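Residue numbers (the numbering used here), protein chains in the order written: chain L, 1195 to 1263; chain Z, 4 to 500. Notes follow once the structure below has been shown.
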Amino acid sequence: MDKVEGGTAPILQNGVSDVLYSNPLPQVLILTAIVVGISTTALGLGIVVRIKEEYGTIEEHEIQEIDRQ
Amino acid sequence: MTGLSHHLPALQVVVPMLVAPLVILLRPRGLAWAAATMASLLAFSIAIALTLGVLDGQKYGYLMGGWEAPYGIELGVDAFSALTLLVVTGASTLALLAGRHSIDTEIEPDRQPLFYAAWLLALAGLVGIPVSADAFNIFVFMEISALSSYVLIAGGPDRRALPAVYKYLIMGTIGATFYLIGIGLIYLMTGTLNLADMALRIHEVADLKPVLVAAAFITIGLALKAAIFPLHAWLPNAYTFAPNAVTVFLAACSIKVTLYLLLRFDFVVFQPNLIGHDVQFAYFLMPLAVLAILIGSGVALFEPNLKRLLAYSSIAQIGYILLGASLVSLTGLTASILHMFNHALAKGALFLAVAALATRCSGIRLENIAGVSRSMPWTMGAFVVAGLSLIGVPGTAGFVSKWYLISAALGEGLLGGVLIAVIVISSLMAVVYIWRVIEAAYFSETPAEFAPTREAPPALLAITWAAALANIYFGLVTSLPVTLSTSAAEQLLRYVR
């Protein structure tokens, strides 16, 4: 979908029209998705740290045990 | 269309998003709140201006950075998005105006600027979804709103919010990833990310497997994020343990935005093109809607915690919205979109009343509010009015959407009869669970040790009543939401043969 055999970077130039270039969009999408994934992971780990601070454990059944009391 | 009004769709997102980092710098007490409230009010006025424009027959399209659609990112506002924008910005503004006292008691002062910044980012993400006409852009806004909602929910003093929000994060991320996989598949098949362009180009490839798979991924992913039964497991705890103001904001609008997106995809992108689409949408979602209505209301009957009771009732109300849409008829879809608006009004007012109770009572379980009507008659009054709207008593907003829903079911023959029975049974259950609260508040003895002595803070009380009266107003003067929903339903159904 993205990489075209022998294709170059999609940059517009005056006077050059028939350049074989790769589709930049999939890369942009994947990069954005990676950034989103990193921030989600960071936030998830942050919440795990907070859970450890509050409950003293990160074992799910122990947390449920503590909440039941 | 000249000057500022042309830029309104972009400003709708840009205003809260730009004010969010500024808010972090506002350290002195109250300033962060004031700035966030102003930004939210401004967003609300933009939404009102857009709605008036849409009612006037104006078409809003905006090319970000001047790149032509479908190459650049296009923003657009039609009747459906205008209605969703009204709900989102209205809920945020009311929750901020009312919530200052409640947020002061629940969030430490030095963390408040960050809290308000996360609030504005959530608002920016939630308004971004209805405004955007680009599928990938919508994914980014979805994640902005989701990540900041997790922060908001986990921000409160209740530590049980943390495991709840972790569950929400995992499920929300799975939902968003499914959506992204679906988008990827469609992009592969059609070569476009613009929703309108997608709807046109998908004709050529409609009978190919990847499009079917994409439809399944997007429907399931969004169903997870919209807490459609049986994918609702994250919702009750997340709403119960969140700070009260956050519950008001998110319960009123975050689900509605995802449902908006689900309807937009299933009706505009997939509906006209897929072979056997009715199998994928109507036959698949209708049983889930019926189960959501019955089980959501059923669990709410036995729930002693007020916030969780209302959260389960929300799951049932999501069922109503889906039920109307799964009839794939003009009346059904109108009922469904109308119910998004009316349920936001009712649930917003109810959660505001609960927030008011929480400021004075020792807790929000039924035993904590025993006899509370004696010391807080106004708060309970607003709760009763909003509760009547949730049940669907004539003269309130809830009645209007149920009326439309039942008239849509009437056109469906035998199946419609069954659906009407489901709606009536669920409404009766709503009578019972609202009555349990009323019984506790009005007809129980006040336990001596934790009797609240004062009414809720005046600002909170005033906003709660404003929301409760809005339920009556939109129950009697129905033209605005009905006009918007009807034209939204017509637009959604324009491709349906």
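Where is the CB? At the ideal position from N, CA and C, for every residue including glycine. All values derive from a computational prediction rather than experimental measurement.
For chain Z, is any of its Cβ atoms less than 8 Å away from the one on L1237/L? yes
Residues near M4/Z in its chain [Cβ-Cβ closer than 6 Å; skip 5 each side]: Residue placement at M4/Z is flagged as unreliable, the pLDDT there being 47, under the threshold of 50; the coordinate-derived value follows with that caveat. Counting only Cβ-Cβ distances below 6 Å, and skipping sequence neighbours, we find nothing.
For the region 172-188 of chain Z against the region 132-152 of chain Z, are there 3 or more C-beta pairs whose distance is under 8 Å? yes
Under the three-state DSSP convention, the category L422/Z falls into: helix
Spatial distance of S339/Z from L325/Z (CA atoms): 7 Å
Anything in chain L within Cβ reach of P166/Z, meaning under 7 Å, just list it in chain order. I1245 and I1257
Find the nearest neighbour of I258/Z within the set V302/Z, S152/Z, G60/Z and L391/Z, judged by alpha-carbon distance. S152/Z
Give a yes or no on contact between the region 117-124 of chain Z and the region 141-161 of chain Z, applying the rule of three or more CB pairs nearer than 8 Å. yes
Classify Q15/Z as buried or exposed, calling it buried when 16 or more other Cβ atoms lie within 10 Å of its own Cβ. buried
According to the neighbour-count rule (16 or more other Cβ atoms, all chains shown, within 10 Å of its Cβ), is S404/Z buried or exposed? buried
Any beta carbon of chain L sitting closer than 8 Å to that of V143/Z? yes
Helix, strand or coil: which one does DSSP assign to V80/Z? strand
Strictly by DSSP, which residues pair up with Y63/Z? V80/Z
8 Å Cβ cut-off: residues of chain Z touching I1241/L: Y153, A157, L165, V168, Y169 and L172
Does any residue of chain L bring its CB to less than 8 Å from the CB of R162/Z? yes
Starting from the beta carbon of L150/Z, find every residue of chain L whose beta carbon is closer than 9 Å, and list them in chain order. V1230, S1233, T1234 and L1237
Start and end residues, alpha helix (DSSP H) containing R1262/L: E1254 to R1262
Spatial neighbours of L487/Z in its chain, beta-carbon cut-off 6 Å, leaving aside the 5 residues before and after: A82 and L86
Per DSSP, what kind of secondary structure is D137/Z in: helix, strand or coil? strand
Relative to the C-alpha of P380/Z, which residue among A314/Z, L313/Z and T467/Z is closest? T467/Z
Going by beta carbon distance, what residues of the same chain come within less than 7 Å of S329/Z, once the five residues before and after it are set aside? F284, A285, L288, M289 and A292
Complete alpha helix (DSSP H) runs within the region 85-164 of chain Z (minimum length 4 residues, chain order): 115-134 and 138-157
Taking the continuous alpha helix (DSSP H) assigned at A241/Z, which residues delimit it? L238 to F244
Residues of chain L with CB under 9 Å from L183/Z, in chain order? L1223, A1227 and V1230
Among L353/Z, V143/Z and A459/Z, whose alpha-carbon lies nearest the alpha-carbon of I441/Z? L353/Z
Kindly indicate which residue of T176/Z, Y119/Z and L88/Z has the alpha-carbon position closest to the one of G33/Z. Y119/Z
Take the Cβ of R103/Z as the centre, count every other Cβ of all protein chains shown within 10 Å, and call the residue buried at 16 or more, exposed below. buried
Of all the options Q115/Z, V387/Z and P166/Z, which has the alpha carbon lying nearest to the alpha carbon of A236/Z? P166/Z
Any idea which residues DSSP pairs R368/Z with across the strands? N308/Z
V1230/L CB to nearest heavy atom of the ligand FMN below 7 Å: Looking at this structure, you won't find the ligand FMN or any other ligand, since it has none at all.
Quick one, which of C256/Z, P460/Z and W70/Z has its alpha-carbon nearest L88/Z's? C256/Z
Is the region 352-371 of chain Z in contact with the region 237-255 of chain Z, if contact means three or more CB pairs nearer than 8 Å? yes
Put T1202/L into one of helix, strand or coil per three-state DSSP. strand
Three CB pairs or more closer than 8 Å across the region 341-353 of chain Z and the region 415-432 of chain Z: no
Considering only their Cβ atoms, is the gap separating G178/Z from L99/Z smaller than 8 Å? no
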